[in-house]
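Residue numbers (my numbering), protein chains in the order written: chain U, 85 to 326; chain A, 85 to 326.
Just so it is clear, CB atoms sit at the ideal spot from N, CA and C, and this is done for glycine as well.
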DNA sequence: ACCTGAACACCGTTCAAGT
DNA sequence: ACCTGAACACCGTTCAAGT
């Protein structure tokens, strides 16, 4: 009942959760500190889960004091979000590469390549992924998720537009549903702690699912149509995109 | 530093989270209390989200003291789980009804009916669903989710076995993947706060997805085969199942 | 049989004091 | 420019005391 009214207000309307470090490290020792904090976060996350993750524990594991942690992240959520963002960026980058590499391929080929790219990127850090999703419930996390989704779906849409001999009446929706289905399925499967046999089966079936959905969602346009082959996509794609 | 060691241990290894009320209400006033608490939980959940849900707030909203709340639920998670379970049971029941009603139909018809049943059940309490999923991260929540998944997939498998003229080489996996895809997609869509237009599009596309996947995952057996028509499924189904 | 609410421990966050 | 850690407020949970 001393510092009451102000601090009370502050706790009811807490500071906006920022994703960026509140302070940008300028000296090399602080760059190292930030790196240590992020790494410690992942470790604690994997060992104890979000439920038991405390800022003190993270700081301790990183070998710094809590105060230091709060110098770079305005709050616990911001810390988790930073780590989440890095994880998702990894996936997004893998997808962009796969999309670029598949330009001009057949729809079936695209579906296959891209689906496997996503699943394998996800599986490469499966446990981390699960732990992070559990931390991704706040409104701010949605902003990150939306951004990454946008980045990935854009890459997919651009790729599908280069598919020879077909037209998608509503590429945006098709892509969004298809991507969401794959991402959502993987999330459920990983969260449920599925056996590796089930994961393998899911991997197989999701490829079929993507193929089936994409081939159903497009219209074949006849081969003589001027829409295709303004130049030879299959060849330029094979050589021109990394 | 007075009650130290014991209470310290207790907080490091907290009591198992139970889903059931720790005490079963026997007098009518307490039955009413439990009802009020559950209802208050949903209200607070919808108004403030899990992040801001406190046991005190729930108790206050329910018109009881915190102590009373803890008489029926061993901890906050147990309370959330109880509400989650009721929500999911509603979905599961809807699915069981849809599966029973579709026995003996064509695979396409089954896919359509069952997919729409799920989506519409989910949409009927969409906001509650999102709020609850955010609360469903603890290990105990997984037990509930697994149970419900089992219940739903069993119903689906039994239904698919009655599809005339086809055989599924691995029904279990097919069903699990297909169901997970639909559930996961809806979860992502709802959590992302999608527009009703996108929800409608997703609804449409998911039906196609389910049809596509199920028809791809089965083998047609020829009509003369003795596998089908040990009796006429189509007719018995129409009359015999509610 | 059921309810109450002050009291305790833990955790997120801050800030005055250090190098 | 960066770090420290005691101090504060809030929240989950308990338990002695009530009806």
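Residue contact with chain A for residue 300 of chain U: present (Cβ-Cβ distance below 7 Å to some residue of chain A). Boundaries of the alpha helix (DSSP H) around residue 183 of chain U: 160 to 186. The straight-line gap separating the alpha-carbon atoms of residue 155 of chain U and residue 227 of chain A is approximately 39 Å. Going by DSSP, residue 234 of chain U is part of the alpha helix (DSSP H) stretching over 223 to 244.
The beta carbon of residue 245 of chain U lies closer than 6 Å to none in the same chain, with the five residues before and after it left out. Residue-level contact check: residue 221 of chain U touches chain A, since one or more beta carbons of chain A fall below 7 Å from its beta carbon. At a beta-carbon threshold of 8 Å, the residues of chain U lying near residue 134 of chain A are 221, ordered along the chain. Note: residue 303 of chain U is bridge-paired with U:251 in the DSSP secondary-structure output. For the stretch 115 to 133 of chain U, the set of residues with a beta-carbon nearer than 9 Å to any beta-carbon of chain A comprises 133, in chain order.
Under the 10 Å beta carbon count, residue 107 of chain U is surrounded by fewer than 16 other beta carbons and is classified as exposed.
Not one beta carbon of chain U lies nearer than 7 Å to the beta carbon of residue 237 of chain A.
Closest in C-alpha terms to residue 148 of chain A, from the list A:121, A:127, A:184 and A:263, comes A:121.
Any Cβ of chain A closer than 7 Å to the Cβ of residue 297 of chain U would place that residue at the interface, and such an atom is present. In this structure, residue 243 of chain A lies near residue 183 of chain A, with their beta-carbon atoms less than 7 Å apart. Within a 10 Å sphere around the beta-carbon of residue 300 of chain A sit fewer than 16 other beta-carbons, which makes this residue exposed. With respect to the 7 Å criterion, residue 224 of chain U and residue 165 of chain U are classified as neighbours on the basis of their beta carbons. The Cβ atoms of residue 201 of chain A and residue 219 of chain A lie no closer than 7 Å to each other.
Leaving aside the five residues that flank residue 258 of chain U on each side, the residues in its chain whose CB is nearer than 6 Å to its CB run, in chain order, 252 and 301.
For residue 217 of chain U, the enclosing alpha helix (DSSP H) covers residues 210 to 218. Contact annotation: residue 151 of chain U and residue 269 of chain A have beta-carbon atoms that are not nearer than 7 Å.
DSSP places residue 134 of chain U within a helical segment (H, G or I) once states are collapsed to three.
Setting aside the 5 residues that flank it on each side, residue 236 of chain U is surrounded in the same chain by 176 and 179, each with a C-beta closer than 6 Å to its C-beta; the list follows chain order.
Taking residue 139 of chain A as the centre and dropping the five residues before and after it, the same chain places the C-beta of 150, 153 and 160 closer than 7 Å to its C-beta, in chain order. Taking a C-beta distance under 7 Å as the contact criterion, residue 295 of chain U and residue 185 of chain U do not qualify as a contact pair. According to the DSSP assignment, residue 157 of chain U belongs to no alpha helix (DSSP H), since it is labelled neither H nor E. A Cβ-Cβ distance of about 13 Å is found for the pair residue 210 of chain U and residue 129 of chain U, leaving them out of contact under the 8 Å criterion. In this structure residue 124 of chain U does not touch residue 265 of chain A by the C-beta definition: roughly 36 Å separates them, more than the 8 Å allowed. Residue state for residue 111 of chain A is assigned as coil, using DSSP reduced to three classes.
Among the residues facing chain A, residue 271 of chain U is included, as its CB has a counterpart in that chain under 7 Å away.
Not a single CB atom of chain U sits nearer than 7 Å to the CB of residue 231 of chain A. In the three-state reduction of the DSSP assignment, residue 124 of chain U falls in the helix class. Take residue 168 of chain A, set aside five residues on each side of it, and the residues of its chain with a beta-carbon closer than 7 Å to its own are 216, 219, 220, 225 and 228, in chain order.
Counting along the chain, residue 142 of chain U sits inside the alpha helix (DSSP H) bounded by residues 139 to 146. The shortest CA-to-CA distance from residue 232 of chain U to any of U:146, U:170, U:116 and U:198 is the one to U:170.
Rounded to the nearest whole angstrom, the C-alpha separation of residue 290 of chain A and residue 254 of chain U is 15 Å.
The beta carbon of residue 178 of chain A sits no closer than 7 Å to any beta carbon of chain U.
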